[in-house]
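First residue of the sequence shown? That's 497 in my numbering, and the numbers climb one at a time after it. Think of the CB as a built atom: it goes at the ideal place given N, C-alpha and C, for glycine as much as any other residue. These figures come from a predicted structure and were not determined experimentally.
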Amino acid sequence: MSMKNYSADVVIIGAGITGLWIHNCLNNINIHSLLLENNSIGNAQTLSSQGIIHGGTKYAIDGILSKATQSISDMPARWRACLNGKGDIDLRGVRIFTNHQLMWSKDRLSSKMASFFSSKALHSRVQIINEQLRPEMFRHINYTSQLYRLNEPVLDIVSMIRCLVTPWQERIMKISNDSNITWSQKKNKVQSLTLDRKIHIAAQQFVLTAGEGNEALLTSLGMKKPAMQRRPLRMLLCKSTNKAQILPIIYAHILISSWKLTTITSHFDENDNIIWYIGGSIAELSIGDTPKQLTAKAEILLNNLMPWLKLPTLKWAAHTVNRAEPKQSTFSRPDTSFIESIDNIHIAWPTKLALAPNLSDKVITVILRDIKPTEHEKLINVPAVTIGKPLWDRAFK
Ligand SMILES: Cc1cc2nc3c(=O)[nH]c(=O)nc-3n(C[C@H](O)[C@H](O)[C@H](O)COP(=O)(O)OP(=O)(O)OC[C@H]3O[C@@H](n4cnc5c(N)ncnc54)[C@H](O)[C@@H]3O)c2cc1C
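Here it is as structure tokens:
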């Protein structure tokens, strides 16, 4: 069988948020980027995400404005510029679920949170919502906590992926998911890669944005570093079983001592049913639970978080997924986005979807140091990749 030859200035491997963002930014500045995906676009962490464009407030509730909080604090503004068509990428087609998230707390943590949120550092990011202006579900006589509004949007990930795919779709290539990759190198620099001895792609720079898949790609390159850590999560999804009693739409972080932090976002399946997607401590602490144990735990959790609310009978599902991050000595969460360059190979993990623009800046800075944009033949008959199915349409069996 004859070899198919392609060339690009930059090859990016992995079409989650990171690969898509960098692919757009490079092509927009006339650096020819070719993005390879071995599954469906977004299928791994990106389509599992809650779509929150964090500004760091959630990470600051222990009362300390950590390094993580500071590095992420300008992300909501950066994304808002894109959502308004005035940023590096035009995201005007993205569905914004909410511009502001809610936050409340109960028991002894409530006063700690109140004093922290009233601090100067967070004043512009968090506001108290007056009783009269509260959403309906909080106007109940038994709701007695303070309710806060966080200046952080929540986006519909599927519409976001569509916006990122469309402009340079003809430069996104499907490759087989059990492809055997071989690399050819000259003077320590990778010149090209070959897939299953069938497809040969030459480029000046290579960016690995394959999330968890970066580990196997590094192995194929004979590299042991940078090391990666996996943080397994068991996310919960629920929907009402009764069409006449739907779940309220809510985007919130809730802090109570017994459960630490819980985050609930609302999404819509193909029949427009409202799905609550629940993460936070429960997702980290439920990995070994049976489905029955998990459902029982989740029902208790919701009763603890919203004791004043009469919820409909719920159907539950769980989604297990790993977060892929650069290895930390204490297995802690990395503070910010990560890139390490080994000659012309750049290994990247954003650690949070919200940090994709920040990571893209870093990657493009290193690429621009050593690239000569070249004319490449138009890519014809490139195997097309589909966008992954939304979680809401596949999690409930
Ligand atoms: C449950 C959950 C909820 C989250 N919620 C949020 C949130 O609300 N806000 C936030 O900021 N962050 C959130 N995150 C983090 C965020 O989702 C991730 O940091 C981000 O999506 C990582 O994107 P990525 O493109 O680096 O990786 P991924 O999305 O994992 O994409 C990697 C891609 O590479 C492909 N691939 C793998 N191997 C290969 C290969 N050999 N060849 C070609 N392609 C390959 C995969 O198929 C995949 O499409 C959440 C994460 C999880 C797990």
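Asked, Found
"Ligand 1 heavy atom lying under 6 Å from the CB of Lys848", "yes"
"Contact set for Thr758: own chain, Cβ-Cβ below 7 Å, skip 5 residues either direction", "Ile750, Ile774, Gly776, Ser777, Ile778, Leu797 and Leu801"
"Residue nearest to Thr816 in terms of C-alpha spacing, selected from Gln546, Leu851, Leu732 and Val622", "Leu732"
"Sheet register partners of Tyr491 (DSSP bridge)", "An answer regarding residue 491 cannot be provided, because it is not within the stretch 497 to 893 covered by the chain."
"First through last residue of the alpha helix (DSSP H) which encompasses Lys682", "Taken as a continuous stretch (DSSP letters only), Lys682 belongs to no alpha helix (DSSP H), being part of the beta strand (DSSP E) at Ile677 to Lys682."
"Own chain residues within Cβ distance below 7 Å of Thr705, not counting five before or after", "Ile508, Ile509, Gly510, Gly512, Thr514, Gly515, Ile518 and Ala844"
"The segment 645-662 / the segment 535-549 touching (three or more Cβ pairs under 8 Å)", "yes"
"Assigned exposure category for Glu533 - 16 Cβ within 10 Å defines buried", "buried"
"Length of the line joining the Cα atoms of Leu579 and Ile625", "25 Å"
"Touching by the beta-carbon criterion (3+ pairs, under 8 Å), the segment 842-857 and the segment 817-833", "yes"
"Assigned exposure category for Asn854 - 16 Cβ within 10 Å defines buried", "buried"
"Identity of the residue in Thr737, Pro728 and Ile752 nearest Leu781 by Cα", "Pro728"
"Helix, strand or coil at Ser544 [DSSP, three-state]", "helix"
"Ala540 CB to nearest heavy atom of ligand 1 below 6 Å", "yes"
"Beta-bridge partners of Phe702, as assigned by DSSP", "Val507 and Ile841"
"Whole-angstrom distance between Met599 and Cys734, CA atom to CA atom", "20 Å"
"Closer than 6 Å: Asn647 CB and nearest ligand 1 heavy atom", "no"
"Span of the beta strand (DSSP E) around Ser536", "Careful: Ser536 lies outside any beta strand (DSSP E) and carries neither H nor E."
"Helix, strand or coil at Thr690 [DSSP, three-state]", "strand"
"Nonlocal neighbours in the same chain, by C-beta distance under 8 Å from Thr737, ignoring five residues either side", "Pro808, Thr809, Leu810 and Lys811"
"Phe899 to Thr542 span [Cα, whole Å]", "For the chain, the structure presents residues 497 to 893; residue 899 sits outside this window and is missing."
"Delimiting residues of the alpha helix (DSSP H) encompassing Val862", "Ala852 to Leu864"
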